[in-house]
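In what follows, a structure is listed as structure tokens, so that the remarks can point back to it.
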Amino acid sequence: MNTITRRNVLKGASTLAAVSAVMGTPYLSFAAAPKQRFQSPGFYRMALGDLEITALLDGTLPLPLPEMYRDVTPENAAQLLRAAYRDIPTDTSVNAFLVNDGKRLVLIDAGTGHYLGTEAGHLVSNLEASGYKASHVDHVILTHVHTDHSGGLVRDGKAVFENATVHVPARELEFWLKMPADARPEGLNRQLFKEAKECLRPYLQRGSVQEFKDQEEVIAGFHSILRPGHTPGHSSIVIESGGRKMVFWGDITHGDIVQFEQPDVTIEFDVDRLEAVRSRKQAFAEATAEGHLVAGAHIAFPGIGNVLQDGQHFNWMPVNYADGEGGVIK
Ligand SMILES: [Zn+2]
Ligand SMILES: [Zn+2]
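Per this note's numbering, residue 4 is the first one in the sequence shown, and the count goes up by one each step.
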């Protein structure tokens with residue numbers, strides 16, 4: 004009886020290799036593997052002191068950024084992007100962030116939901132891939148009410164985060180939901196006002212929307228800083244633990260190239276462009292002076308990193324990728 008041993012197998016293999024060499028064609032070959040056109044799940048986990056931070060990708064949108072920026076020519080913006088080896092249109096991340104402080108699960112911004120097509124709207128599936136369920140979320144804090152931050156709150160008119168209280172800057176509620184239509188600044192897309200109401204409606208109906216003020220503790224350990232301009236109540240959220248600080252920027256920048264290189268560049272959605280520039284410069288100054296971590300909603304996923312200063316220009320330094328040691332994230 005012919006027993007198969009490792010040696011036999013190796014001998015067999017070398018014979019096949021010899022045949023294949025003589026024949027001039029590889030003897031062992033595989034059928035062409037079809038390309039697998041999907042990415043790994045969009046979550047990235049890290050610790051900040053005692054807090055667990057999970058960046059969640061809602062999706063990437065291919066945006067024609069040079070046409071969307073203002074206070075720069077499209078040619079100049081395109082040049083800056085190309086110099087940084089970015090394609091145009093530019094895949095632009097929509098990020099949200101989950102914080103587990105051991106007692107509560109807090110989501111900062113909620114992605115696009117079904118409002119911006121199938122390239123985005125993947126926040127809940129990535130949240131599930133990261134080990135949680137939408138029903139586990141206790142609080143959602145919005146940096147502002149734009150649909151790419153609030154769209155994920157609803158699905159078919161129902162609350163996606165069934166057990167959550169939604170915290171919204173008071174100035175945002177005033178602007179998007181309460182202000183009479185004829186008092187709104189001119190030139191703003193009316194659709195955004197309609198969507199703002201739709202996204203918050205199920206939470207308002209059950210009394211689970213809370214407003215927060217300009218510089219306030221939104222919930223214990225989560226502080227707001229008003230950074231207006233992009234929208235009137237646009238706010239960043241600050242957390243600290245173990246001597247480390249992270250600032251959830253919201254929309255201080257769109258992308259990680261042009262507005263870092265030229266902080267005076269604005270974008271078409273900015274409600275007050277001059278004020279948006281002031282807020283961006285303040286945020287950059289603070290991030291470079293303190294060296295704190297930043298989490299940006301539209302910076303390449305996971306959107307977490309630091310800001311470096313180079314005279315009047317700035318650079319984005321993404322967080323160094325870290326695998327957990329024995330599966331434990333530190
Ligand atoms: Zn926005
Ligand atoms: Zn946004």
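Idealized CB from N, CA, C, for every residue including glycine.
Candidates 310, 235, 245, of which the one nearest residue 259 by Cα: By 1-based counting over the sequence shown, the position of residue 259 is 256. Taking only the C-alpha atoms, the option nearest residue 259 is 310.
CA-CA distance, residue 316 and residue 264? In the sequence shown, the residue the question calls residue 316 occupies position 313. In the sequence shown, the residue the question calls residue 264 occupies position 261. About 5 Å.
Measuring straight from C-alpha to C-alpha, what distance separates residue 103 and residue 298? Along the sequence shown, read from residue 1 onward, the residue named residue 103 stands at position 100. Along the sequence shown, read from residue 1 onward, the residue named residue 298 stands at position 295. For residue 103 and residue 298, the distance between alpha carbons rounds to 15 Å.
Taking all protein chains shown into account, do 16 or more other C-beta atoms lie within 10 angstroms of the C-beta of residue 3, making it buried, or fewer, making it exposed? Beyond the ends of the chain as shown, which are 4 and 333, falls residue 3; an answer cannot be given.
Is residue 90 near ligand 1, with its Cβ less than 6 Å from a heavy atom? Sequence index remark: in the sequence shown, residue 90 carries index 87 (1-based). Checking the Cβ of residue 90 against ligand 1 gives no.
Which complete beta strand (DSSP E) runs does the stretch 159–234 hold, if anything under 3 residues is left out? 168–172, 212–215, 220–222, 225–229
From 45, 312, 169, 267, pick the residue whose C-alpha is nearest to that of residue 288; which is it? Counting from one through the sequence shown, the residue named residue 288 turns up at place 285. For residue 288, the nearest C-alpha among the options comes from 312.
What I want to know is whether the C-beta of residue 254 ends up closer than 6 Å to one or more non-hydrogen atoms of ligand 1. Counted from its first residue, the sequence shown places residue 254 at position 251. Yes, Cβ of residue 254 sits closer than 6 Å to a heavy atom of ligand 1.
Where residue 327 falls, given that 16 or more other Cβ within 10 Å makes a residue buried: Position 324 of the sequence shown, counted from the start, is the residue given in the question as residue 327. It counts as exposed.
Nearer than 6 Å: is that true of the beta carbon of residue 75 relative to any heavy atom of ligand 4? With respect to ligand 4, the structure shown offers nothing to examine, as its ligands consist of ligand 1 and ligand 2.
Between the C-alpha atoms of residue 218 and residue 292, what's the straight-line distance to the nearest angstrom? As a first step, residue 218 must be located in the sequence shown, where it is residue number 215. As a first step, residue 292 must be located in the sequence shown, where it is residue number 289. Near 20 Å, if we compare the C-alpha coordinates of residue 292 and residue 218.
Go to residue 151, then tell me how far its alpha helix (DSSP H) extends in each direction, as first and last residue. To locate residue 151, count along the sequence shown from 1; it is residue 148. Looking at the DSSP string, the run of the alpha helix (DSSP H) that includes residue 151 is 150–153.
Cβ-heavy atom distance between residue 336 and ligand 1 below 6 Å? Because the chain spans 4 through 333 in this model, residue 336 falls outside it and cannot be assessed.
By Cβ distance below 6 Å, which residues in the same chain neighbour residue 255 in space, the five residues on each side in sequence not counted? Looking up residue 255 in the sequence shown gives position 252. Around residue 255: 283, 286.
Evaluate residue 159 with the Cβ neighbour count: other Cβ atoms within 10 Å of its Cβ, from every protein chain shown; 16 or more gives buried, anything less gives exposed. Residue numbering aside, residue 159 sits at position 156 when the sequence shown is read from its first letter. By the neighbour-count rule (16 or more Cβ atoms within 10 Å), residue 159 is not buried but exposed.
Exposure of residue 90, with buried meaning 16 or more beta-carbon neighbours within 10 Å: As a position in the sequence shown, residue 90 is number 87, starting the count at 1. Exposed, since its Cβ has fewer than 16 Cβ neighbours within 10 Å.
contact_flag[the stretch 227–237, the stretch 266–280] where n(CB pairs < 8 Å) is 3 or more: yes
Would you kindly check if the distance between the Cβ of residue 51 and the Cβ of residue 227 is under 7 Å? Along the sequence shown, one-based indexing puts residue 227 at 224. Along the sequence shown, one-based indexing puts residue 51 at 48. Not in contact: residue 227 and residue 51 (Cβ atoms no closer than 7 Å).
Go to residue 55, then tell me how far its beta strand (DSSP E) extends in each direction, as first and last residue. Residue mapping note: residue 55 aligns to position 52 of the sequence shown, counting from 1. Per DSSP, residue 55 belongs to the beta strand (DSSP E) from 54–66.
Once you ignore the five residues that flank residue 323 on each side, which residues in its own chain have a CB closer than 6 Å to its CB? Translated into positions along the sequence shown, residue 323 becomes position 320. Answer for residue 323: no residue qualifies.
Cutoff 6 Å; reference residue 321; Cβ partners in own chain excluding five residues on either side: Taking the first residue of the sequence shown as position 1, residue 321 is located at position 318. 308.
Member of 186, 153, 146 whose CA lies at the smallest distance from the CA of residue 1: Outside the modelled stretch of the chain, which goes from 4 to 333, sits residue 1, for which no answer is possible.
Consult DSSP for residue 239 and reduce its assignment to one of helix, strand or coil. The residue given as residue 239 occupies position 236 in the sequence shown. Three-state DSSP puts residue 239 in a strand.
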